[in-house]
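Undergrad:
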Amino acid sequence: MNSPAISNNLIWAILATLFCCLPLGIVSIIYAAKVDGLVAAGNYAAAQEAADKAKSWALWAAGAFVVLMLLYVVFFVVIGMSAAGLGGMQ
């Protein structure tokens, strides 16, 4: 019997770890690493669940990166405006 094709999302997990958020990306890699073993064991439901969790954690890592970058930009805009305001009052 042919096994269903279940993507392990390992590439997304690695990219999320390298470029986004290390802790969340590592969790994604752990789930992605389980997928192929579960498929080989014939446990397709658990393999699909692990693949879904790997993808979810990778997306959370990317989302955390976006939020942190927005906060970073806002922080420096506020600091810049504050410094410009203080410099004009002297």
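Letter 61 of the sequence shown, counting from 1, is numbered 172 in the working numbering, and no numbers are missing. In this text, a Cβ means the ideal position worked out from N, Cα and C, and glycines have one as well. Keep in mind the model is a prediction, meaning the values are calculated, not measured.
1) Pairs of beta-carbons, one from the stretch 121–136 and one from the stretch 167–182, closer than 8 Å: are there three or more?
2) Where are the beta strand (DSSP E) runs, 3 residues long or more, that stay fully inside the stretch 122–176, in chain order?
3) Could you tell me if Tyr155 is buried or exposed, where buried requires 16 or more neighbouring beta carbons within 10 angstroms of its beta carbon?
4) Excluding the 5 residues flanking Ala158 on each side, which residues of the same chain have their C-beta closer than 6 Å to its C-beta?
5) Around the Cβ of Gly153, are there at least 16 other Cβ atoms within 10 angstroms (buried) or fewer (exposed)?
TA: Taking the geometry as given:
1) Inter-segment contact for the stretch 121–136 and the stretch 167–182 is present: three or more beta-carbon pairs are separated by less than 8 Å.
2) none
3) exposed
4) For Ala158, same chain residues with a beta-carbon under 6 Å away, outside a window of 5 residues either side, are Ile117, Val146, Leu149 and Val150 in chain order.
5) exposed
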